[in-house]
Amino acid sequence: MNHFLDIHKTDPAALRSMIDHAGAMKSARADRPKGAPDDEQPLAGRMVALIFEKPSTRTRVSFDVGVRQMGGQTMVLSGADMQLGHGETIADTARVMSRYVDLIMIRTFDESVLSEMAEYADVPVINGLTDRTHPCQIMADVMTYEEHRGPIAGKHVVWTGDGNNVCASFLHAAGKFGFDLTFTGPPQLDPEEEFVGLARQQGSRVTIERDPAKAVAGADLVVADTWVSMHDAQSARERRHNMLRAYQVNAALMAQAKPDALFMHCLPAHRGEEVTSEVMDGPQSVIFDEAENRLHAQKAVMRWCLGL
Ligand code: CP
Ligand code: NVA
5 MNHFLDIHKT DPAALRSMID HAGAMKSARA DRPKGAPDDE QPLAGRMVAL
55 IFEKPSTRTR VSFDVGVRQM GGQTMVLSGA DMQLGHGETI ADTARVMSRY
105 VDLIMIRTFD ESVLSEMAEY ADVPVINGLT DRTHPCQIMA DVMTYEEHRG
155 PIAGKHVVWT GDGNNVCASF LHAAGKFGFD LTFTGPPQLD PEEEFVGLAR
205 QQGSRVTIER DPAKAVAGAD LVVADTWVSM HDAQSARERR HNMLRAYQVN
255 AALMAQAKPD ALFMHCLPAH RGEEVTSEVM DGPQSVIFDE AENRLHAQKA
305 VMRWCLGL
């Protein structure tokens, strides 16, 4: 049994095999209706709990569909409707859930909830986003990059804006998959030093460049995310927008990157804020492939967790 808690906590060979497996599973069911079963049904007889303490479209739907395609059953639970939201400890919740289900995916606020769930559950636990990281997203992003451009190793990724949870998982992936990462954003929103250090220790070149045009020069991949994450105080919205406006990804900024550079965004996006519609809907954008690949990448993650 394996937990999938974070990319930096996962063996690089396992990460590579999950990405390759995801691609193979995707090709094997090409053109099939979404609700049609896969030829292999590794999750037959398995029950998967999907727990959400924050809103979600992609994570909720892609996990649910992925489990069903592999023959399993799901229950989608809102944290607020569980005793979890009313004072039952995470440890007790984990022990109880382990008696009912074979796998738990949780999206939560503080990562201590995720780690406590994993510590006390007898079944695998998957991180479906915390305030600090979003590993499933980056598995899909690596898969998407490689589908379009081949190996991501040695490539130059530029993260624009807020050094947030998705940026953190990109840094983890830089170390594990061997690509370089430049962060461009205001100093107040720099990514965590610990994660920058970790990527560097693993041989990845990580740079911080305040000038977005300089940062993007020569990029193979430009990435943006919302300027206000679900865990950020709404009262900070205006201040954050003022700090981040200069980092909007627009056609002029994309023109600084390599001509064949891709644009990614985990979505949901705020059109006209962190990225223009021109870029989102333009030829370099692969945002909907990224969203689709959440499904395929997470199917591989679930199979790895269950050893199937
Ligand atoms: N990218 C992502 O995780 O989207 P959702 O919040 O809709 O799940
Ligand atoms: N950084 C965003 C990602 C959403 C998928 C958030 O945490 O709200």
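Residue numbers (the working numbering): 5 to 312. Think of the CB as a built atom: it goes at the ideal place given N, C-alpha and C, for glycine as much as any other residue.
According to DSSP, simplified to helix, strand and coil, what is Thr211? Taking the sequence shown and counting its residues from 1, the one referred to as residue 211 is at position 207. DSSP places Thr211 in strand when its eight states are reduced to three.
Alpha carbon of Ser31 to alpha carbon of Gly201, nearest angstrom: The sequence position of residue 31 within the sequence shown is 27, counting from 1. The sequence position of residue 201 within the sequence shown is 197, counting from 1. Answer to the nearest angstrom: the Cα atoms are 37 Å apart.
Is it the case that the Cβ atoms of Gln205 and Ser173 are separated by a distance below 8 Å? Stepping through the sequence shown from its first residue, residue 205 is reached at position 201. Stepping through the sequence shown from its first residue, residue 173 is reached at position 169. Contact flag unset, no.
Please list the terminal residues of the continuous alpha helix (DSSP H) segment that includes Ser281. Here residue 281 corresponds to residue number 277 of the sequence shown, with the count starting at 1. Looking at the DSSP string, the run of the alpha helix (DSSP H) that includes Ser281 is 281-284.
Using the rule of at least 16 other Cβ atoms within 10 Å of the residue's Cβ for burial, across every protein chain shown, is Thr188 buried or exposed? Position 184 of the sequence shown holds residue 188. The residue in question, Thr188, is buried, as its Cβ has 16 or more Cβ neighbours within 10 Å.
Length of the line joining the Cα atoms of Arg82 and Arg298: Against the sequence shown, residue 82 aligns to sequence position 78. Against the sequence shown, residue 298 aligns to sequence position 294. The sequence shown places Ser at residue 82, rather than the Arg named in the question. Computed Cα separation, rounded: 20 Å.
With DSSP run on the structure shown, which of helix, strand or coil describes Phe8? Residue mapping note: residue 8 aligns to position 4 of the sequence shown, counting from 1. Phe8 falls in the strand class under three-state DSSP.
Residues in the same chain with beta-carbon distance under 7 Å from Leu257, minus the five sequence neighbours each way, listed in chain order, please. Numbered from 1 along the sequence shown, position 253 holds the residue referred to as residue 257. Hits under 7 Å: Pro216, Ala217, Val220.
Do Glu57 and Ile94 have their C-beta atoms closer together than 8 Å? Your numbering for residue 57 matches position 53 in the sequence shown. Your numbering for residue 94 matches position 90 in the sequence shown. No, the pair does not count as a contact, with Cβ atoms beyond the cut-off.
How would you call Glu278, buried or exposed, if buried means at least 16 neighbouring beta carbons within 10 angstroms? Walking along the sequence shown from the start, residue 278 turns up at place 274. Under this definition Glu278 is a buried residue.
Where the alpha helix (DSSP H) through Gln73 begins and ends: If you number the sequence shown from 1, residue 73 lands on position 69. DSSP places Gln73 in the uninterrupted alpha helix (DSSP H) bounded by 62-73.
Leaving out five residues on either side along the sequence, give the residues of the same chain with a beta carbon under 8 Å from the beta carbon of Asp10. Reading the sequence shown from its first residue, position 6 is the one you call residue 10. Asn131, Thr137, Pro139, Ser173, His176, listed in sequence order.
Give a single yes or no on whether Asn168 has its beta carbon closer than 7 Å to a heavy atom of the ligand NVA. One-based indexing of the sequence shown puts residue 168 at position 164. It does: the Cβ of Asn168 is within 7 Å (strictly closer) of some heavy atom of the ligand NVA.
Would you mind working out which of Ala240, Ala250, Ala48, Val80 sits nearest Ala228, comparing C-alpha positions? Here residue 228 is taken as the residue at index 224 of the sequence shown, counted from 1. Among Ala240, Ala250, Ala48, Val80, the Cα nearest to that of Ala228 belongs to Ala250.
Quick one: what's Val52 bridged to in DSSP? Taking the sequence shown and counting its residues from 1, one reaches residue 52 at position 48. Residue pairing of Val52 in beta bridges, as defined by DSSP: Thr78, Leu107.
In terms of residue numbering, what span does the alpha helix (DSSP H) encompassing Asn246 cover? The residue you call residue 246 lines up with position 242 of the sequence shown. Where Asn246 is concerned, the enclosing alpha helix (DSSP H) starts and stops at 241-248.
Report yes or no: do the region 288-295 and the region 141-154 share at least 3 C-beta pairs separated by less than 8 Å? In short, these stretches touch, since the Cβ pair count reaches three.
For Ser289, the residue or residues it bridges with in DSSP: Counting from one through the sequence shown, the residue named residue 289 turns up at place 285. When beta bridges are read from the DSSP output, Ser289 appears opposite Phe267.
Count the other CB atoms within 10 Å of the CB of Thr61; is the residue buried (16 or more) or exposed (fewer)? Translated into the one-based positions of the sequence shown, residue 61 becomes position 57. The residue in question, Thr61, is exposed, as its Cβ has fewer than 16 Cβ neighbours within 10 Å.
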